[in-house]
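Protein chains in written order, with our numbering: chain A, 22 to 161; chain B, 22 to 161; chain C, 5 to 91; chain D, 5 to 91.
Here a beta-carbon is modelled for each residue, glycine too, at the ideal position from N, C-alpha and C.
This report concerns only the one structure given below.
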Amino acid sequence: MFGITDQPLLLEPLVTTVKRSSSGAVATFLGVVREQTRGRQVRHLEYEAYPEMAIPKMREIADEIRRKWEVDEIAIVHRIGRLQIGEASVAIAVSAPHRREALAACAYAIDRLKEIVPIWKKEVWTDGEEWVRPGIPQPR
Amino acid sequence: MFGITDQPLLLEPLVTTVKRSSSGAVATFLGVVREQTRGRQVRHLEYEAYPEMAIPKMREIADEIRRKWEVDEIAIVHRIGRLQIGEASVAIAVSAPHRREALAACAYAIDRLKEIVPIWKKEVWTDGEEWVRPGIPQPR
Amino acid sequence: MKVRVRCFAAVREIVGVSELVVELPEGSTLDQLIHQLQSQFPKLQALTGSLLFSVNREYAFADTKLAAGDEVAFIPPVSGGTDVWNY
Amino acid sequence: MKVRVRCFAAVREIVGVSELVVELPEGSTLDQLIHQLQSQFPKLQALTGSLLFSVNREYAFADTKLAAGDEVAFIPPVSGGTDVWNY
Numbered sequence: 022m023f024g025i026t027d028q029p030l031l032l033e034p035l036v037t038t039v040k041r042s043s044s045g046a047v048a049t050f051l052g053v054v055r056e057q058t059r060g061r062q063v064r065h066l067e068y069e070a071y072p073e074m075a076i077p078k079m080r081e082i083a084d085e086i087r088r089k090w091e092v093d094e095i096a097i098v099h100r101i102g103r104l105q106i107g108e109a110s111v112a113i114a115v116s117a118p119h120r121r122e123a124l125a126a127c128a129y130a131i132d133r134l135k136e137i138v139p140i141w142k143k144e145v146w147t148d149g150e151e152w153v154r155p156g157i158p159q160p161r
Numbered sequence: 022m023f024g025i026t027d028q029p030l031l032l033e034p035l036v037t038t039v040k041r042s043s044s045g046a047v048a049t050f051l052g053v054v055r056e057q058t059r060g061r062q063v064r065h066l067e068y069e070a071y072p073e074m075a076i077p078k079m080r081e082i083a084d085e086i087r088r089k090w091e092v093d094e095i096a097i098v099h100r101i102g103r104l105q106i107g108e109a110s111v112a113i114a115v116s117a118p119h120r121r122e123a124l125a126a127c128a129y130a131i132d133r134l135k136e137i138v139p140i141w142k143k144e145v146w147t148d149g150e151e152w153v154r155p156g157i158p159q160p161r
Numbered sequence: 005m006k007v008r009v010r011c012f013a014a015v016r017e018i019v020g021v022s023e024l025v026v027e028l029p030e031g032s033t034l035d036q037l038i039h040q041l042q043s044q045f046p047k048l049q050a051l052t053g054s055l056l057f058s059v060n061r062e063y064a065f066a067d068t069k070l071a072a073g074d075e076v077a078f079i080p081p082v083s084g085g086t087d088v089w090n091y
Numbered sequence: 005m006k007v008r009v010r011c012f013a014a015v016r017e018i019v020g021v022s023e024l025v026v027e028l029p030e031g032s033t034l035d036q037l038i039h040q041l042q043s044q045f046p047k048l049q050a051l052t053g054s055l056l057f058s059v060n061r062e063y064a065f066a067d068t069k070l071a072a073g074d075e076v077a078f079i080p081p082v083s084g085g086t087d088v089w090n091y
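Encoded structure:
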């Protein structure tokens, strides 16, 4: 399951989506809007995606994971629009027969998401705003 | 938040419990009852705890984590009683300013839980049953 | 030939719209498209060094040859240090 | 002196109750308690090599001296290989 949504992210449905009868572990990751970023006070964030490219790139990350680890299922959902402090911007869930694979794959997914998935955020501070995007992917 | 419960485990309340305004990441782990274990077909599992020792040991794990990583909060809840395939036996949530610390601490927590927290499970297979307990802690 | 250009984030704000249709000579490269848009929207020049590009939803080098109907996107830059996301 | 013994999992099933109160000579060690219970419940002997013990909710070595009112627990063994939990 890969998605872009303007609705609040919930973990429970993601866990249900990835769980198989072979799954002994589900690892999840939530990216959350922090109050402070690089010392500046955040008022809110605005996320924007290139969904037609972002979703295939999420799928590509899942394919990479399957080549590296024995996992059952992978779900990645990113939220777009305006987010307040404490709200989740991205949710990842990975199920696997064993815990190490689930945890390693989940950590890998969020690293790769930052590198290759075209999603941007505008940080709106109490004293200004700026577009921010992580990572420099290597074109292939 | 550290607990032993006979009720189904839910992630959302754990996430809410650990999230702080400083948190940029929440990593969670669910241990789930698998259909198969070491090649035998599981009918159900029965978990039993020594709660008066298990909860202090969970707290000890959280203290170890705080000495190793910059994290915001840690929650560990283990379920006891009869669990069916697909049900979660343990839920861990760690919040941190940054993702690497949240993920590393979450992986550490489940490893240590297996080592030092006195909780047992009985595997009830289609063809027998056995008590199982992981890890050999070093007495200190 | 015509190509579509999708604009996001800082690029969208400079260009003023989220999508452009650009007329280019047959056989143009991505690089030529970039230069054409830079002269039309001079503020893009400040970004260009750190922009990435995609052609048909895959990251692409500047020397990529474009074809009619291609969908190009400007992938705006990182700014502000190494750990620029919240998490 | 009297000590409480908490029994879990396989140990509880052998002993038949989840808690015992055991009378021991003053100054007894954990090891002496273990031997006393092994003679009372011979099936415990098969487990003992892999049992761990706690005294007052902290893991303890066999030579630990016990005091009146101590809470001892038998921490039953691992069985069945290295990855014995589901996850």
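Interface flag for R61(C) against chain A is set, since a Cβ pair is found closer than 9 Å.
The three-state secondary structure of E23(D), taken from DSSP, is strand. For E94(A) and G24(A), the gap between their C-alpha atoms comes out near 14 Å. Closest by C-alpha distance to A130(B), out of R120(B), T37(B) and D84(B), is D84(B).
Counting along the chain, Q42(D) sits inside the alpha helix (DSSP H) bounded by residues L34 to Q44. As computed with DSSP, V47(B) is found in a beta bridge with L51(A) and S116(B).
Residues of the segment 69-102 of chain A with a Cβ closer than 7 Å to any Cβ of chain C, in chain order: E69, Y71, E73, M74 and P77. Per the Cβ contact rule, the segment 49-66 of chain A is in contact with the segment 45-62 of chain B (3 or more Cβ pairs under 8 Å). A direct Cα-to-Cα measurement between V15(C) and M74(A) gives close to 17 Å. According to the DSSP assignment, V36(A) belongs to the alpha helix (DSSP H) that extends over L32 to V39. Residue-level contact check: G60(A) does not touch chain B, since none of the beta carbons of chain B fall below 9 Å from its beta carbon. Contact check between the segment 26-42 of chain C and the segment 66-77 of chain C: three or more CB pairs, one atom from each, fall below 8 Å, which counts as touching. With a threshold of 16 other beta carbon atoms within 10 Å, P139(A) meets it and is buried. Only residues of its own chain outside the window of five on either side were considered, and among them R10, C11, F12 and R16 have a CB closer than 8 Å to the CB of S22(C), listed in chain order.
Taking CB atoms only, A71(C) has no neighbour in chain A less than 9 Å away. Of E62(C), R61(C), V59(C) and H39(C), the smallest CA-CA separation from L51(C) is found for H39(C). Exclusion of the five residues before and after L55(D) leaves F78, I79, P80 and P81 as the residues of its chain whose Cβ lies within less than 7 Å of its Cβ.
Taking 9 Å as the CB threshold, P29(A) stays off the interface with chain C. With a threshold of 16 other beta carbon atoms within 10 Å, T49(A) meets it and is buried. For A75(B), the enclosing alpha helix (DSSP H) covers residues P72 to K89.
For V76(C), the enclosing beta strand (DSSP E) starts and ends at E75 to I79.
For V138(A), the secondary structure class from DSSP, reduced to helix, strand or coil, is coil. The Cβ neighbour count for T68(C), taken over all protein chains shown within 10 Å, is at least 16; the residue is labelled buried. Put simply, the CB of I106(A) is near chain B, with a gap under 9 Å to one of its CB atoms. Assigned with DSSP and collapsed to three states, R133(A) falls in helix.
As a beta-bridge residue in DSSP terms, S58(D) pairs with Y63(D) and A77(D). Each of R61(A), A117(A) and E108(A) was checked against the Cα of V36(A), and the nearest Cα belongs to A117(A). For the pair A125(A) and K89(A), the Cα-to-Cα distance works out to about 10 Å. Within chain D, the C-beta atoms nearer than 8 Å to that of W152(B) come from A13, A14, E17, P80 and S83, in chain order.
Distance from the CA of E151(A) to the CA of W146(B), rounded to the nearest whole angstrom, comes to 58 Å. Sequence-distant Cβ neighbours of V115(A) in its own chain, meaning closer than 6 Å and more than five residues away, are A48, V92, I95, A123, A126 and C127.
For chain A, the residues of the segment 41-58 of chain C that bring a beta carbon within less than 9 Å of one of its beta carbons are S54, L56, F57 and S58, in chain order.
Proximity of chain A to R10(C) at the Cβ level (cut-off 8 Å) is accounted for by Y71, in chain order. From the beta-carbon of V36(B), the residues of chain A found nearer than 7 Å are L32 and L51. When DSSP states are grouped into helix, strand and coil, V92(B) belongs to the coil group. If you look at I106(B), you'll find it isn't in any beta strand (DSSP E); DSSP assigns it neither H nor E.
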